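One structure below.
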Amino acid sequence: MPLGNLTSQFFANIYLNELDQFVKHELKADFYIRYVDDFVILHRSKKILEDYKIKINHFLKHKLSLELHPEKSKIIILKMGINFLGFRVFFHYKLLRIKNIRKFERKLSLLKQEYEAEILPREKAIEVFEGWLAYSSYGDTYKYRRSLTKKFNQWFPIEPQAEVRSIRKQENFKRKVEESNSLFTVQKTLQLFKKGMKIPEIAKHREIKESTVWQHLANLIEHNHLTSPLL
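Per our numbering, the very first residue in the sequence shown carries number 25; after that it's consecutive.
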(Lines of atoms letter the chains of each structure in order from A and count residues from 1; the text may use other names and numbers.)
(Lines give C-alpha, C1' and ligand atoms only; values in the text may rest on other atoms or scores of the structure.)
Protein backbone atom coordinates (compact mmCIF):
# COMPACT_ATOMS: atom_id res chain seq x y z
CA MET A 1 0.00 0.00 0.00
CA PRO A 2 1.62 3.33 -1.08
CA LEU A 3 2.75 5.67 1.70
CA GLY A 4 0.70 8.86 1.73
CA ASN A 5 -2.25 7.13 0.08
CA LEU A 6 -5.56 8.06 1.75
CA THR A 7 -6.34 4.39 2.33
CA SER A 8 -3.00 3.81 4.07
CA GLN A 9 -3.63 6.87 6.25
CA PHE A 10 -7.05 5.52 7.17
CA PHE A 11 -5.67 2.14 8.21
CA ALA A 12 -2.78 3.80 10.07
CA ASN A 13 -5.31 5.71 12.16
CA ILE A 14 -7.20 2.49 12.94
CA TYR A 15 -4.02 0.54 13.72
CA LEU A 16 -2.63 3.24 16.01
CA ASN A 17 -5.88 3.62 17.92
CA GLU A 18 -4.37 1.22 20.46
CA LEU A 19 -1.52 3.66 20.97
CA ASP A 20 -4.07 6.44 21.61
CA GLN A 21 -5.82 4.33 24.22
CA PHE A 22 -2.52 3.41 25.88
CA VAL A 23 -1.32 7.02 26.10
CA LYS A 24 -4.65 8.36 27.36
CA HIS A 25 -5.74 5.58 29.71
CA GLU A 26 -2.50 3.91 30.83
CA LEU A 27 -0.07 6.84 30.82
CA LYS A 28 -2.91 9.34 31.43
CA ALA A 29 -1.16 12.01 29.38
CA ASP A 30 -3.22 15.22 29.36
CA PHE A 31 -1.75 16.84 26.25
CA TYR A 32 -1.44 14.27 23.46
CA ILE A 33 -1.90 14.97 19.74
CA ARG A 34 -1.61 12.45 16.91
CA TYR A 35 -2.17 12.55 13.15
CA VAL A 36 -1.47 9.21 11.38
CA ASP A 37 2.08 8.31 12.58
CA ASP A 38 3.06 11.79 13.80
CA PHE A 39 2.35 12.54 17.47
CA VAL A 40 3.32 14.98 20.22
CA ILE A 41 3.01 14.85 24.01
CA LEU A 42 3.41 18.00 26.10
CA HIS A 43 4.44 18.05 29.75
CA ARG A 44 6.32 20.38 32.08
CA SER A 45 8.50 17.58 33.46
CA LYS A 46 11.36 16.24 31.35
CA LYS A 47 11.62 13.22 33.64
CA ILE A 48 7.98 12.28 33.02
CA LEU A 49 8.44 12.67 29.26
CA GLU A 50 11.47 10.40 29.35
CA ASP A 51 9.39 7.82 31.21
CA TYR A 52 6.59 8.20 28.62
CA LYS A 53 9.07 7.63 25.80
CA ILE A 54 10.40 4.41 27.30
CA LYS A 55 6.93 3.03 27.97
CA ILE A 56 5.57 4.02 24.55
CA ASN A 57 8.51 2.41 22.77
CA HIS A 58 8.02 -0.77 24.80
CA PHE A 59 4.30 -0.79 24.01
CA LEU A 60 4.85 -0.26 20.28
CA LYS A 61 7.45 -3.04 20.04
CA HIS A 62 5.51 -5.67 21.96
CA LYS A 63 1.93 -4.83 20.99
CA LEU A 64 2.08 -3.35 17.48
CA SER A 65 5.47 -4.53 16.16
CA LEU A 66 6.55 -0.91 15.68
CA GLU A 67 9.18 1.33 17.23
CA LEU A 68 9.86 5.02 17.63
CA HIS A 69 12.15 6.64 15.09
CA PRO A 70 15.56 6.90 16.84
CA GLU A 71 16.34 10.35 15.39
CA LYS A 72 12.92 11.98 15.16
CA SER A 73 11.72 11.02 18.64
CA LYS A 74 13.10 13.79 20.84
CA ILE A 75 12.36 15.64 24.06
CA ILE A 76 12.81 19.35 23.45
CA ILE A 77 11.87 22.69 25.00
CA LEU A 78 8.72 24.11 23.43
CA LYS A 79 10.28 27.50 22.73
CA MET A 80 12.68 25.78 20.32
CA GLY A 81 9.73 24.76 18.17
CA ILE A 82 8.24 21.32 17.47
CA ASN A 83 8.32 19.60 14.09
CA PHE A 84 4.75 18.46 13.45
CA LEU A 85 2.95 17.74 10.16
CA GLY A 86 5.53 19.61 8.11
CA PHE A 87 5.53 22.72 10.29
CA ARG A 88 7.83 24.10 12.95
CA VAL A 89 5.35 24.92 15.70
CA PHE A 90 6.14 27.63 18.27
CA PHE A 91 4.04 29.24 21.03
CA HIS A 92 2.25 31.81 18.87
CA TYR A 93 3.10 30.92 15.29
CA LYS A 94 3.93 28.11 12.86
CA LEU A 95 6.54 28.05 10.10
CA LEU A 96 6.90 25.70 7.16
CA ARG A 97 9.92 23.44 7.39
CA ILE A 98 12.65 24.44 4.95
CA LYS A 99 12.94 20.95 3.47
CA ASN A 100 9.21 20.95 2.67
CA ILE A 101 9.48 24.33 0.95
CA ARG A 102 12.40 23.11 -1.15
CA LYS A 103 10.58 19.88 -2.01
CA PHE A 104 7.55 21.78 -3.32
CA GLU A 105 9.65 24.29 -5.25
CA ARG A 106 11.45 21.39 -6.98
CA LYS A 107 8.05 19.98 -7.87
CA LEU A 108 6.91 23.38 -9.16
CA SER A 109 10.03 23.62 -11.34
CA LEU A 110 9.22 20.24 -12.89
CA LEU A 111 5.65 21.37 -13.56
CA LYS A 112 7.04 24.50 -15.23
CA GLN A 113 9.17 22.39 -17.55
CA GLU A 114 6.19 20.22 -18.48
CA TYR A 115 4.02 23.31 -19.01
CA GLU A 116 6.59 24.92 -21.30
CA ALA A 117 6.87 21.65 -23.23
CA GLU A 118 3.06 21.70 -23.59
CA ILE A 119 2.79 18.39 -21.75
CA LEU A 120 0.95 19.81 -18.76
CA PRO A 121 -2.15 22.06 -18.99
CA ARG A 122 -2.21 25.17 -16.81
CA GLU A 123 -5.31 23.88 -15.03
CA LYS A 124 -3.34 20.93 -13.64
CA ALA A 125 -0.59 23.24 -12.36
CA ILE A 126 -3.27 25.38 -10.70
CA GLU A 127 -4.70 22.34 -8.89
CA VAL A 128 -1.28 21.43 -7.47
CA PHE A 129 -0.53 25.04 -6.53
CA GLU A 130 -3.89 25.57 -4.82
CA GLY A 131 -3.32 22.44 -2.75
CA TRP A 132 0.03 23.76 -1.55
CA LEU A 133 -1.43 27.21 -0.79
CA ALA A 134 -4.20 25.63 1.26
CA TYR A 135 -1.69 23.53 3.22
CA SER A 136 0.83 26.33 3.80
CA SER A 137 -1.92 28.74 4.92
CA TYR A 138 -2.05 26.86 8.26
CA GLY A 139 1.28 28.48 9.10
CA ASP A 140 2.46 32.09 9.29
CA THR A 141 3.45 32.21 5.65
CA TYR A 142 2.07 35.54 4.46
CA LYS A 143 5.18 36.80 2.65
CA TYR A 144 6.10 33.36 1.33
CA ARG A 145 2.67 32.71 -0.24
CA ARG A 146 2.51 36.19 -1.73
CA SER A 147 5.95 35.76 -3.29
CA LEU A 148 5.15 32.26 -4.51
CA THR A 149 1.88 33.42 -6.11
CA LYS A 150 3.79 36.05 -8.10
CA LYS A 151 6.28 33.40 -9.21
CA PHE A 152 3.47 31.06 -10.24
CA ASN A 153 1.81 33.71 -12.42
CA GLN A 154 5.16 34.41 -14.07
CA TRP A 155 5.95 30.75 -14.68
CA PHE A 156 2.45 29.78 -15.79
CA PRO A 157 1.09 32.74 -17.79
CA ILE A 158 -2.36 32.53 -19.34
CA GLU A 159 -1.90 31.91 -23.04
CA PRO A 160 -4.02 33.99 -25.46
CA GLN A 161 -5.06 30.85 -27.31
CA ALA A 162 -6.40 29.16 -24.17
CA GLU A 163 -9.61 27.27 -24.82
CA VAL A 164 -12.92 28.78 -23.66
CA ARG A 165 -13.53 25.84 -21.32
CA SER A 166 -10.66 26.99 -19.10
CA ILE A 167 -12.08 30.47 -18.44
CA ARG A 168 -14.16 29.37 -15.43
CA LYS A 169 -11.14 27.70 -13.78
CA GLN A 170 -8.97 30.76 -14.45
CA GLU A 171 -11.59 33.07 -12.90
CA ASN A 172 -12.01 30.73 -9.95
CA PHE A 173 -8.24 30.70 -9.39
CA LYS A 174 -8.11 34.50 -9.57
CA ARG A 175 -10.90 34.72 -6.99
CA LYS A 176 -9.09 32.33 -4.65
CA VAL A 177 -5.87 34.35 -4.95
CA GLU A 178 -7.77 37.53 -4.07
CA GLU A 179 -9.38 35.77 -1.07
CA SER A 180 -5.96 34.51 0.02
CA ASN A 181 -4.52 38.04 -0.13
CA SER A 182 -7.36 39.21 2.12
CA LEU A 183 -6.66 36.36 4.53
CA PHE A 184 -2.92 37.15 4.53
CA THR A 185 -3.44 40.66 5.89
CA VAL A 186 -5.77 39.48 8.70
CA GLN A 187 -3.26 36.81 9.76
CA LYS A 188 -0.49 39.41 9.86
CA THR A 189 -2.58 41.57 12.18
CA LEU A 190 -3.22 38.55 14.43
CA GLN A 191 0.50 37.74 14.56
CA LEU A 192 1.40 41.28 15.66
CA PHE A 193 -1.47 41.37 18.19
CA LYS A 194 -0.27 38.12 19.79
CA LYS A 195 3.19 39.64 20.11
CA GLY A 196 1.65 42.24 22.43
CA MET A 197 1.42 45.21 20.07
CA LYS A 198 -1.38 47.72 20.69
CA ILE A 199 -3.93 48.77 18.05
CA PRO A 200 -2.17 52.09 17.19
CA GLU A 201 1.19 50.28 17.03
CA ILE A 202 -0.16 47.66 14.65
CA ALA A 203 -1.73 50.35 12.44
CA LYS A 204 1.52 52.30 12.31
CA HIS A 205 3.65 49.20 11.74
CA ARG A 206 1.41 47.96 8.90
CA GLU A 207 0.68 51.43 7.53
CA ILE A 208 -3.09 50.91 7.71
CA LYS A 209 -5.94 52.67 9.54
CA GLU A 210 -6.76 51.78 13.14
CA SER A 211 -10.33 51.07 12.02
CA THR A 212 -8.95 48.45 9.62
CA VAL A 213 -7.07 46.77 12.49
CA TRP A 214 -10.30 46.68 14.50
CA GLN A 215 -12.10 45.10 11.52
CA HIS A 216 -9.40 42.41 11.34
CA LEU A 217 -9.76 41.63 15.04
CA ALA A 218 -13.56 41.53 14.80
CA ASN A 219 -13.22 39.07 11.91
CA LEU A 220 -10.86 36.90 13.95
CA ILE A 221 -13.28 36.87 16.92
CA GLU A 222 -16.17 35.95 14.62
CA HIS A 223 -14.22 32.93 13.32
CA ASN A 224 -13.04 31.91 16.82
CA HIS A 225 -9.38 32.72 16.17
CA LEU A 226 -9.40 35.27 18.99
CA THR A 227 -11.51 35.77 22.12
CA SER A 228 -13.02 39.17 22.88
CA PRO A 229 -11.72 39.43 26.51
CA LEU A 230 -8.21 39.85 25.07
CA LEU A 231 -9.27 43.16 23.65
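Backbone N, C-alpha and C fix where the C-beta goes; we use that ideal spot for every residue, glycine too.
This structure is a prediction, so every number in the text was calculated from the model and none was measured.
At least 8 Å separates the beta-carbon of residue 132 from that of residue 163. Using a 10 angstroms sphere on the CB of residue 160, the tally of other CB atoms reaches 16 or more, which defines it as buried. Look at residue 68 here: in three-state DSSP terms it is coil, with no helix or strand label. Contact between residue 118 and residue 111 is confirmed by a C-beta separation of about 4 Å, below the 8 Å threshold. Residue pairing for residue 112: DSSP places it in a beta bridge opposite 107 and 119.
Within the DSSP secondary-structure output, residue 58 pairs in a beta bridge with 63. The alpha-carbon of residue 58 is positioned some 9 Å away from that of residue 108.
For residue 152, the uninterrupted alpha helix (DSSP H) run begins and ends at 146-160, by DSSP.
In summary, residue 153 is buried, with 16 or more beta-carbon neighbours lying within 10 Å of its beta-carbon over all protein chains present.
Residue 244 is classed as buried because its beta carbon has at least 16 other beta carbons within 10 Å across all chains shown. With fewer than 16 neighbouring CB atoms inside 10 Å of its own CB, residue 137 falls in the exposed class. Here the alpha carbon of residue 230 sits roughly 14 Å from the alpha carbon of residue 219. It is roughly 14 Å from the alpha-carbon of residue 97 to the alpha-carbon of residue 56. Distances from the alpha-carbon of residue 102 to those of 92, 36, 81 and 64 put 64 closest.
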